[in-house]
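Peer 1: Here it is, the structure in full.
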């Protein structure tokens with residue numbers, strides 16, 4: 410009976426589920442975004458205020474720092490005595506109450522009210538620094554950003570180093586190419602310098618030879634004048650008569666001979682005059698096949714190229730070459746004796762001859778053909794020869810049906 414009575418007197422524990430439900434009903438959890446419905450507080454009595462003072466209220470100004478909130482001390486208790494009693498130590502009950510209240514404020518209690526928890530959370534939110542939207546967080550995302558930035562910088566550094574290496578290689582290749590070009594240019598300059606020295610030497614030699622040739626021409630011309638005076642008279646004009654054989658006429662004449670006199674300028678063209686008079690004196694024009702066989706609109710042309718020499722059996726051309734008087738030593742030329750109509754000249758250095766039938770000064774000036782005499786008698790004979798090929802137009806060059814042969818060239822002595 411005593412055990413049963415004691416068992417009836419002992420309080421029974423509620424089941425665990427019921428205890429948790431009771432505790433949740435007594436201490437409901439309030440979130441940050443939930444509103445707590447509280448009843449307005451009642452005014453405590455004087456004894457309750459002393460024994461159970463209200464908790465310290467935090468400053469409502471959000472600009473107050475957490476350190477300032479924590480540094481606020483409760484005001485001293487004024488019990489209505491003199492000022493000397495202001496510094497007295499509060500009674501032990503009050504000290505215990507203050508210690509308990511400070512512990513309650515520092516460490517959260519299961520039995521603390523929802524309003525107090527909301528105030529503490531608001532205070533913590535106020536103390537937390539506001540994060541700028543543009544400032545990267547220092548959490549996991551910040552670490553990834555830093556890693557990405559480091560990788561990017563490493564990649565850029567590697568790329569820059571590779572680019573610098575390629576640029577350095579290209580510059581080295583270009584430098585080698587420039588060095589080879591410079592070496593080649595130096596070699597070419599050395600060759601050009603050597604060639605220029607050779608050219609300068611050759612030009613000096615050419616100038617020297619030209620000067621010697623000019624001196625030689627002056628000596629030849631002087632010697633020709635002396636020979637003309639010694640052998641053919643004092644001059645300076647020398648005359649030669651040409652006997653020309655034309656083809657037979659309609660009346661059946663055996664011979665159709667015509668004569669022409671040429672005046673030769675021994676002063677201005679001494680070498681050409683001496684050569685022509687030596688040919689006539691050697692008998693090269695005496696039945697030796699020299700004939701006029703072509704006509705053009707500007708000249709009547711002849712050469713020693715017809716027939717075989719009866720005395721030697723050689724062609725007339727070869728006879729002329731063997732004589733030693735067939736050609737001039739140089740192209741003698743003088744502005745005093747131009748290529749005007751009815752003048753006689755050598756084609757080149759001879760022995761071909763032609764009569765000018767128009768003014769050929771400009772045309773024959775470049776060829777520098779020696780013009781050395783003028784037809785003084787028998788110009789009608791030259792006109793007849795020029796008409797033997799028929800009508801001539803500008804630029805025509807025709808062969809005569811029958812050539813006109815020089816039978817003889819007789820020197821007229823003074």
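Residue numbers (the working numbering): 410 to 823. Cβ coordinates follow ideal geometry from the N, Cα and C atoms, glycine included.
By the three-class DSSP mapping on this structure, what secondary structure does residue 776 have?
Peer 2: It is coil, neither helix nor strand.
Peer 1: Looking only at C-alpha atoms, which of 704, 685 and 557 sits nearest to residue 820?
Peer 2: Checked all of 704, 685 and 557; the closest Cα to residue 820 is 685.
Peer 1: Using CA coordinates, which residue listed in 810, 802, 803 and 791 is at the minimum distance from residue 668?
Peer 2: Per the Cα distances, 791.
Peer 1: Looking at C-beta atoms only, is the number of pairs between the stretch 795-805 and the stretch 750-757 that lie closer than 8 Å three or more?
Peer 2: The answer is no - the stretch 750-757 does not touch the stretch 795-805, with fewer than three Cβ pairs under 8 Å.
Peer 1: Which residue wins for smallest C-alpha separation from residue 781, given the options 747, 769 and 761?
Peer 2: Of the listed residues, the one whose Cα sits closest to residue 781 is 747.
Peer 1: Around the C-beta of residue 731, are 16 or more other C-beta atoms found within 10 angstroms, so that it is buried, or is it exposed?
Peer 2: Under this definition residue 731 is an exposed residue.
Peer 1: Out of curiosity, what's the CA-to-CA distance linking residue 729 and residue 763?
Peer 2: Whole-angstrom Cα-Cα distance: 17 Å.
Peer 1: Excluding the 5 residues flanking residue 805 on each side, which residues of the same chain have their C-beta closer than 7 Å to its C-beta?
Peer 2: Within the same chain, residue 805 has close Cβ partners 705 and 706.
Peer 1: With three or more beta-carbon pairs closer than 8 Å as the criterion, would you say the stretch 609-618 touches the stretch 635-652?
Peer 2: Touching, no, given that fewer than three Cβ pairs across the two stretches are closer than 8 Å.
Peer 1: State whether the stretch 670-689 contacts the stretch 764-784, with contact taken as three or more CB pairs (one from each stretch) at a distance under 8 Å.
Peer 2: Yes: the two stretches touch, three or more of their Cβ pairs being nearer than 8 Å.
Peer 1: Thinking just about the alpha-carbon of each residue, which of 771, 776, 673 and 811 is nearest to the one in residue 757?
Peer 2: It is 776.
Peer 1: Assuming residue 692 contacts residue 814 under a Cβ cut-off of 8 Å, what Cβ separation, rounded to an integer in Å, is found between them?
Peer 2: In fact, because the Cβ distance is near 15 Å, the residues do not count as touching under 8 Å.
Peer 1: Within its chain, find whatever has a CB closer than 8 Å to the CB of residue 770; leave out the 5 residues flanking it on each side and keep chain order.
Peer 2: 747, 748 and 749.
Peer 1: What does DSSP give as the partner residues of residue 703 in its beta bridges?
Peer 2: Residue 703 is bridged to 710 and 808.
Peer 1: When you compare only the Cα positions, how much space is there between residue 810 and residue 737?
Peer 2: Distance between the alpha carbons of residue 810 and residue 737 is about 30 Å.
Peer 1: Relative to the alpha-carbon of residue 647, which residue among 639, 674 and 666 has its alpha-carbon at the smallest distance?
Peer 2: It is 674.
Peer 1: Roughly how many whole angstroms lie between the Cα atoms of residue 807 and residue 744?
Peer 2: If I take the Cα positions, the gap works out to 30 Å.
Peer 1: Can you list, in chain order, the residues of its chain whose CB lies under 6 Å from that of residue 726, leaving out five sequence neighbours each side?
Peer 2: 713 and 714, listed in sequence order.
Peer 1: Compare the C-alpha of residue 812 against each of 765, 822 and 656 and name the closest.
Peer 2: For the residues 765, 822 and 656, the minimum Cα distance to residue 812 belongs to 656.
Peer 1: If we require 4 or more residues per run, which alpha helix (DSSP H) segments fall completely within the stretch 603-690?
Peer 2: Complete alpha helix (DSSP H) runs here, min 4: 679-690.
Peer 1: Which value, in whole angstroms, describes the spacing of the CA atoms of residue 618 and residue 787?
Peer 2: If I take the Cα positions, the gap works out to 44 Å.
Peer 1: Quick one: grab the DSSP three-state call for residue 782.
Peer 2: The answer is strand: DSSP assigns residue 782 an E or B state.
Peer 1: Could you check what DSSP says for residue 817 in three-state terms: helix, strand or coil?
Peer 2: Strand.
Peer 1: Taking its Cβ as the centre, do 16 or more other Cβ atoms sit within 10 Å of residue 649, making it buried, or is it exposed?
Peer 2: Buried.
Peer 1: In the structure shown, what three-state DSSP assignment does residue 759 receive?
Peer 2: DSSP places residue 759 in coil when its eight states are reduced to three.
Peer 1: Could you tell me the distance, in whole angstroms, from the CA atom of residue 711 to the CA atom of residue 702?
Peer 2: C-alpha separation (whole angstroms): 6 Å.
Peer 1: Are the beta-carbon atoms of residue 666 and residue 654 separated by less than 9 Å?
Peer 2: Going by C-beta atoms, residue 666 is nearer than 9 Å to residue 654.
Peer 1: Which of the three DSSP states is assigned to residue 741 in this structure?
Peer 2: Residue 741: coil per DSSP, three-state reduction.
Peer 1: Using the Cα positions of residue 623 and residue 698, report the straight-line distance between them to the nearest angstrom.
Peer 2: Computed Cα separation, rounded: 36 Å.
Peer 1: Candidates 639, 557, 817 and 773: which alpha carbon is nearest residue 690's?
Peer 2: Selected option, being the one with the closest Cα: 817.
Peer 1: Would you tell me roughly how many angstroms separate the C-alpha atoms of residue 552 and residue 590, rounded to the nearest one?
Peer 2: Distance between the alpha carbons of residue 552 and residue 590: 57 Å.
Peer 1: Taking only the alpha-carbon atoms, compute the straight-line gap between residue 626 and residue 789 and give it to the nearest angstrom.
Peer 2: The straight-line gap from Cα to Cα measures roughly 37 Å.
Peer 1: Counting along the chain, where does the alpha helix (DSSP H) carrying residue 790 start and finish?
Peer 2: Per DSSP, residue 790 belongs to the alpha helix (DSSP H) from 788-796.
Peer 1: In three-state DSSP terms, what is residue 800?
Peer 2: Residue 800 falls in the coil class under three-state DSSP.
Peer 1: So, for residue 768: in the same chain, excluding its five sequence neighbours on each side, which residues have a beta-carbon less than 6 Å away from its beta-carbon?
Peer 2: So the qualifying residues of the chain are 749.
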